[in-house]
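Chemist: Input: one structure, supplied below.
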């Protein structure tokens, strides 16, 4: 037997018992010829004492211990001497006077310190992830992920949802991101694709009458990695329901996030304990984002009409060419010249020529552009924004999409610079009524979002002569500036679905060809249905205050989509590729 | 709102209430101008009545209903007329007199009857799986899978195991079956591989100190499909523990299966409520299988010594050339000539020249070979097998591996022919002590099983001068003739692991090269550890009495590894392959 107890459970109640513990040598101290070892396992730390007076042979073995050795120790539990107890540890009242010591495995010196204070870079940590996992912070993320998985599955099961594992080997789909492909050995020249999401399968389950489906689904998209997007694989809390309307779905998602946070992250709170709602248009108008961070205000006011005839040619010109003028007020800051320059750089990086501003000082407003403003324009600013001494106003003028993008980016940069958001707070906001179509530069239409969504107004909405004004029953849920959920009420009317594809220049044949299973299925009694998918990892990242999504995986891919521990991807022998009917291309 | 209740919940307690139900038209009957519809959803069936006297407009809509239309019906709950109640249904006491009817979606005539009595073949069913799922039997399998998933995760979580989702994109590994590969877009010329099992990752988790890990893990092997092996993807209940011995692991696995069956399949029982144990050698000797079906006896007795000097040259010759003679007794059958021929065909298909037998009749034994047997030989048979009138004895003679294989196959064929096994019974048997090595025809050694297993006797066992006598601490669990679990205590001693690879002609460089992460990790304090993996789908198949594993997936692949509903795998445009740095090979 390797142990009678773990390293995290012995207390004063065990004093006098003989116990055996196994674990890692985390720390060693020598005091007056006595050796003290902190023995660590995932449950905790226990102080082991080796006194040559008591047991010389155990002491001799312990004297050979080095950091991260795996050892098995038998001894008697005793009270720590007065003044040496550690109330921060469960085991802080006791220590073990060791009678027998055995080395189960030695260890070389680790390439970095097994400590939350390690300064090792990501590559070294990921290459030796099996050591990185021994650090409390990483272990806690792994444990939290398990808890969140468990909570999520229990929640949906309790609510009557049926978990279905949909196929991981499926067919390539023309919509969305790029697919990962798998060459087929049995069918040379053909390829499976990994699912970007179980979208078609879950809709087919609704046709099959499953009624309420969920799955924590692995999803695969061949996209370049980002801080909030893990490469290769990620997980979705995927959900679909029949015979529901949008409001029913909102209720399920809202109940889930509220229960989840109360259940697994009680140290966090939901701002005002409510889920805000904005239409896509409102979110863009107010925050310049379809995933606004509403932990702080800093919203935009519109001044287009106020500056239509302005003496400031930049604003006047913007309005004259169909653009807008917007502004937002940052309260109570004193920005230096260089800070203003830094923020201006953010605006420029997002396509603006510059960033107009006004500083309100005790002596009154100050700005290089003030001289162009009329009294009425100043009054409009004061009425809508009510600036006080110490505040600043930032402007955006030009094409609507550009202005909202620029001010949206400036808003986020100001948040980070001035800590405008409370880190313990979670601000959830529905963003609804996404436009179904966008007009491309060449004047033709394309789907803005999910082609399978039902428009507001139902199937007849597609008769609208201005298609960009058709809004889908599609919605995202934003949290602290991240998109954490996306979903829609699906278009279950096959004729209307074909119409939607025709509007972007594709026809019934295309639907039949590319979405054959859905096309067939929708002819055999399809119920009204809708659903959503939460980004599991992204939600986890937010709940654990991680800035990089890679930290929430047990074995993450690097920023270059590599597994640096396993050396994936790797070169494969041509003989093995031959069996699969493929070869590596020569050309560059 | 699409419904106030589901089709499975209204009872006499609801009489008088106005309700709205939505569902599928499962059945329509007309009696004296009144229309009766069975409205179906996944929760049940409710009888809807349309009486033109009561509400003509609803009746008129209902008159257009056809099978599998999706409809929304509002009406009043009332008691069924006397004599028309159906105690088999939850809703059997009531019916709804319908006041409003709406068609939500029409349906073409389904290509097969939505009924458990359908005679549709697998291809038609799988092509229209969204319809197949509406059949109770398929729905029940999907629901059962969800229940089993849920039970399993709860069980392991309650027992202190941490769920970890290991990567699905990993590196190709040289051991085991063929890997599925994924060409990398970011690293042209390189490939990810899908994991055949999370074997290396779970061992690395143990090095990382996770202590007790589990996962219902998707696994991927490019093998040809079989009745008990789904193509492309399948699931394992994967588990690993540190600081354990083989017996600790057996306790966990045994508790799990006992609790699982009591929890999800209470109609089944475990034979003698115990888990049998056989060494690999015993299982081969007694049943000719490393996954014996022990729901019935029909074991082999050895007669090698008894026939060493036999007058029957076939037996004598087999023993003289180092082979064996084995026999088993089938009780109380009367096999016809053609039945004996059929069983002989089984023996021949497994490599035997024929199948020797004796029939014990009331008048005494009868067989073409009796004339060659001595009195002592007949006595040996009677002593060991104690045949009675009505029994039969079957013989195998020749090389050990062939005899056990042939008699093992005959034993299974006899089980199927004579229903020797109780279908409600589950007979679990550990098969332990697998040989570590096998000798190939050219005299060199190869791994028989998992190279990462610890041998019995520990690392020094590799010093045994006869390597085929080294037995691993590796074990399978058989149930009703299927292998449902495989596992081992791992070899955590890096030097011994290298030694094992050297014995099969591979060296330290090979271990370093092919299993680099393990090679590195095992130098930094690796705990003793071991584990197992249950075949989730195979266990489910057994619990649901399915003969084909395809039936336990929501969306199965066909026997040709195709998704006939989605048309996977499919041809991909060369432009998309170019991005991935590959092309389809021209040569055949």
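Chains as they are written, first to last, in the numbering used here: chain H, 3 to 590; chain Z, 3 to 590.
Here a beta-carbon is modelled for each residue, glycine too, at the ideal position from N, C-alpha and C.
What you are looking at is a predicted structure, and each value in this text was computed from that prediction instead of being measured.
#1: Using a beta-carbon distance below 9 angstroms, is residue 475 of chain Z in contact with chain H?
#2: Spell out a yes or no on whether the stretch 118-138 of chain Z and the stretch 203-213 of chain H are touching, meaning 3 or more CB-CB pairs, one atom from each, closer than 8 angstroms.
#3: According to the Cβ coordinates, are residue 290 of chain Z and residue 375 of chain Z closer than 9 angstroms?
#4: Who are the near neighbours of residue 225 of chain H in its chain, counting only those whose CB is closer than 8 angstroms to its CB and skipping five residues on each side?
#5: Where residue 65 of chain Z and residue 36 of chain Z are concerned, what is the direct C-alpha to C-alpha distance, given to the nearest angstrom?
#6: Do we get a CB-CB distance below 9 angstroms when we pair residue 213 of chain H with the residues of chain Z?
#7: In whole angstroms, what separates the C-alpha of residue 158 of chain Z from that of residue 10 of chain Z?
#8: Just the Cα atoms here: how many angstroms apart are residue 581 of chain Z and residue 187 of chain Z?
#9: I'd like to know if residue 4 of chain Z contacts chain H, where contact means its C-beta is closer than 9 angstroms to some C-beta of that chain.
#10: Extract the residue ranges of the alpha helix (DSSP H) inside the stretch 279-325 of chain H, only unbroken runs of 4 or more that lie entirely within it.
#11: When DSSP labels each residue in this structure, what does residue 4 of chain H get in the three-state scheme?
#12: Are residue 454 of chain Z and residue 490 of chain Z closer than 9 angstroms when you measure CB to CB?
#13: Name the one or two DSSP bridge partners that residue 494 of chain H has.
#14: Does the contact criterion of 3 or more C-beta pairs under 8 angstroms hold for the stretch 293-306 of chain Z versus the stretch 364-372 of chain Z?
#15: Compute the Euclidean distance between the alpha carbons of residue 560 of chain H and residue 166 of chain Z, then round it to the nearest angstrom.
#16: Give the single residue among H/108, H/109 and H/80 whose Cα lies nearest to the Cα of residue 97 of chain H.
#17: Give the list of continuous beta strand (DSSP E) stretches no shorter than 3 residues that lie fully inside the stretch 451-535 of chain H.
#18: Looking at the C-beta of residue 61 of chain H, does it have a partner C-beta in chain Z at a distance below 9 angstroms?
#19: Residues of the stretch 563-581 of chain H in Cβ contact with chain Z at a cutoff of 7 angstroms, in chain order, please.
#20: With a threshold of 16 other CB atoms inside 10 Å of the CB of residue 3 of chain H, please say whether the residue is buried or exposed.
#21: Rounded to the nearest angstrom, what separates residue 72 of chain H and residue 169 of chain H at their Cα positions?
#22: Measuring CB to CB, does residue 486 of chain H end up less than 9 angstroms from residue 544 of chain H?
#23: CA-CA distance, residue 103 of chain Z and residue 245 of chain H?
#24: Thinking C-alpha only, which one of H/425, H/472, H/288 and H/438 is nearest residue 407 of chain H?
#25: Starting from the beta carbon of residue 300 of chain H, find every residue of chain Z whose beta carbon is closer than 7 angstroms, and list them in chain order.
#26: For a contact meaning CB atoms closer than 7 angstroms, what does residue 251 of chain Z contact in chain H?
#27: Taking the DSSP output, what are the residues bridged to residue 367 of chain Z?
#28: Nearest to residue 240 of chain Z by CA position, among Z/266, Z/383, Z/201 and Z/223, is which residue?
#29: Does residue 166 of chain H have its Cβ less than 9 angstroms from a Cβ in chain Z?
#30: With a threshold of 8 angstroms, are at least 3 pairs of Cβ atoms found where one atom belongs to the stretch 268-277 of chain H and the other to the stretch 386-396 of chain H?
#31: Could you round the C-beta distance between residue 173 of chain Z and residue 569 of chain H to whole angstroms and report it? I think they count as a contact, below 8 angstroms.
#32: Excluding sequence positions up to five away, which residues of its chain have a Cβ less than 7 angstroms from the Cβ of residue 473 of chain H?
#33: Determine the chain Z residues that contact residue 518 of chain H at a beta-carbon separation under 8 angstroms, and present them in chain order.
#34: Can you check whether the CB of residue 107 of chain Z is closer than 9 angstroms to the CB of residue 405 of chain H?
#35: Just checking my contact of residue 222 of chain Z with residue 196 of chain Z at CB under 8 angstroms: how many whole Å lie between their CB atoms?
#36: Three or more beta-carbon pairs under 8 angstroms between the stretch 518-533 of chain Z and the stretch 120-133 of chain H, yes or no?
Modeler: Judging by the given coordinates:
#1: Looking up residue 475 of chain Z in the second chain gives position 473. Put simply, the CB of residue 475 of chain Z is far from chain H, with every gap to its CB atoms at 9 angstroms or more.
#2: yes
#3: The count along the second chain starts at 1 and reaches residue 290 of chain Z at position 288. The count along the second chain starts at 1 and reaches residue 375 of chain Z at position 373. In this structure, residue 375 of chain Z does not lie closer than 9 angstroms to residue 290 of chain Z by Cβ.
#4: Your numbering for residue 225 of chain H matches position 223 in the first chain. Cβ neighbours of residue 225 of chain H beyond the five flanking positions: 179, 180, 231 and 233.
#5: If you number the second chain from 1, residue 65 of chain Z lands on position 63. If you number the second chain from 1, residue 36 of chain Z lands on position 34. Approximately 10 angstroms, taken between the alpha carbons.
#6: Residue mapping note: residue 213 of chain H aligns to position 211 of the first chain, counting from 1. Yes, its Cβ sits closer than 9 angstroms to a Cβ of chain Z.
#7: Numbered from its first residue, the second chain carries residue 158 of chain Z at position 156. Numbered from its first residue, the second chain carries residue 10 of chain Z at position 8. Roughly 33 angstroms separates the two Cα atoms.
#8: For the purposes of this step, residue 581 of chain Z is identified with residue 579 of the second chain, where counting begins at 1. For the purposes of this step, residue 187 of chain Z is identified with residue 185 of the second chain, where counting begins at 1. Their Cα atoms are separated by approximately 6 angstroms.
#9: Residue 4 of chain Z sits at position 2 when you count from the first residue of the second chain. Cβ-Cβ to chain H under 9 angstroms: yes for residue 4 of chain Z.
#10: Counting only runs that start and end inside the stretch 279-325 of chain H, the alpha helix (DSSP H) elements of at least 4 residues fall at 282-289 and 315-322.
#11: By 1-based counting over the first chain, the position of residue 4 of chain H is 2. Here residue 4 of chain H sits in coil by DSSP.
#12: For this step, residue 454 of chain Z is matched to residue 452 along the second chain. For this step, residue 490 of chain Z is matched to residue 488 along the second chain. Yes, Cβ-Cβ distance for residue 454 of chain Z and residue 490 of chain Z is below 9 angstroms.
#13: Translated into positions along the first chain, residue 494 of chain H becomes position 492. Beta-bridge pairing links residue 494 of chain H to no other residue.
#14: no
#15: On the first chain, residue 560 of chain H is found 558 positions in, with the first residue counted as 1. On the second chain, residue 166 of chain Z is found 164 positions in, with the first residue counted as 1. Distance between the alpha carbons of residue 560 of chain H and residue 166 of chain Z: 19 angstroms.
#16: As a position in the first chain, residue 97 of chain H is number 95, starting the count at 1. Answer by Cα proximity: H/80.
#17: Complete beta strand (DSSP E) runs here, min 3: 476-481 and 484-491.
#18: As a first step, residue 61 of chain H is located in the first chain; it is residue number 59 there, counting from the start. Output row for residue 61 of chain H: interface = no.
#19: 563, 565, 567, 568, 569, 570, 571, 572, 573, 574 and 580
#20: To locate residue 3 of chain H, count along the first chain from 1; it is residue 1. Looking at its Cβ environment, which holds fewer than 16 other Cβ atoms inside 10 Å, residue 3 of chain H is exposed.
#21: Numbered from its first residue, the first chain carries residue 72 of chain H at position 70. Numbered from its first residue, the first chain carries residue 169 of chain H at position 167. CA-to-CA, the gap between residue 72 of chain H and residue 169 of chain H works out to about 41 angstroms.
#22: Translated into the one-based positions of the first chain, residue 486 of chain H becomes position 484. Translated into the one-based positions of the first chain, residue 544 of chain H becomes position 542. Result yes, Cβ atoms of residue 486 of chain H and residue 544 of chain H sit closer than 9 angstroms.
#23: On the second chain, residue 103 of chain Z is found 101 positions in, with the first residue counted as 1. On the first chain, residue 245 of chain H is found 243 positions in, with the first residue counted as 1. When rounded, the distance between both Cα atoms is 15 angstroms.
#24: In the first chain, the residue the question calls residue 407 of chain H occupies position 405. Ranking H/425, H/472, H/288 and H/438 by Cα distance to residue 407 of chain H puts H/288 first.
#25: Taking the first chain and counting its residues from 1, the one referred to as residue 300 of chain H is at position 298. Those within 7 angstroms of residue 300 of chain H in chain Z number zero; the least Cβ separation is about 37 angstroms.
#26: As a position in the second chain, residue 251 of chain Z is number 249, starting the count at 1. Near residue 251 of chain Z there are no residues of chain H at all, since even the closest Cβ is about 12 angstroms away, more than 7 angstroms.
#27: By one-based count along the second chain, residue 367 of chain Z stands at place 365. Answer is Z/362.
#28: The sequence position of residue 240 of chain Z within the second chain is 238, counting from 1. Taking only the C-alpha atoms, the option nearest residue 240 of chain Z is Z/201.
#29: The residue labelled residue 166 of chain H in the question sits at position 164 within the first chain. Residue 166 of chain H counts as touching chain Z.
#30: no
#31: The residue labelled residue 173 of chain Z in the question sits at position 171 within the second chain. The residue labelled residue 569 of chain H in the question sits at position 567 within the first chain. Contact flag correct, Cβ pair sits at about 6 angstroms.
#32: Within the first chain, residue 473 of chain H is the residue found at index 471, counting from 1. So the qualifying residues of the chain are 435, 436, 437, 438, 457 and 458.
#33: On the first chain, residue 518 of chain H is found 516 positions in, with the first residue counted as 1. What residue 518 of chain H touches in chain Z: 568 and 569.
#34: Counted from its first residue, the first chain places residue 405 of chain H at position 403. Counted from its first residue, the second chain places residue 107 of chain Z at position 105. Result no, Cβ atoms of residue 405 of chain H and residue 107 of chain Z do not sit closer than 9 angstroms.
#35: The count along the second chain starts at 1 and reaches residue 222 of chain Z at position 220. The count along the second chain starts at 1 and reaches residue 196 of chain Z at position 194. With a Cβ gap of about 4 angstroms, residue 222 of chain Z and residue 196 of chain Z count as contacting.
#36: yes
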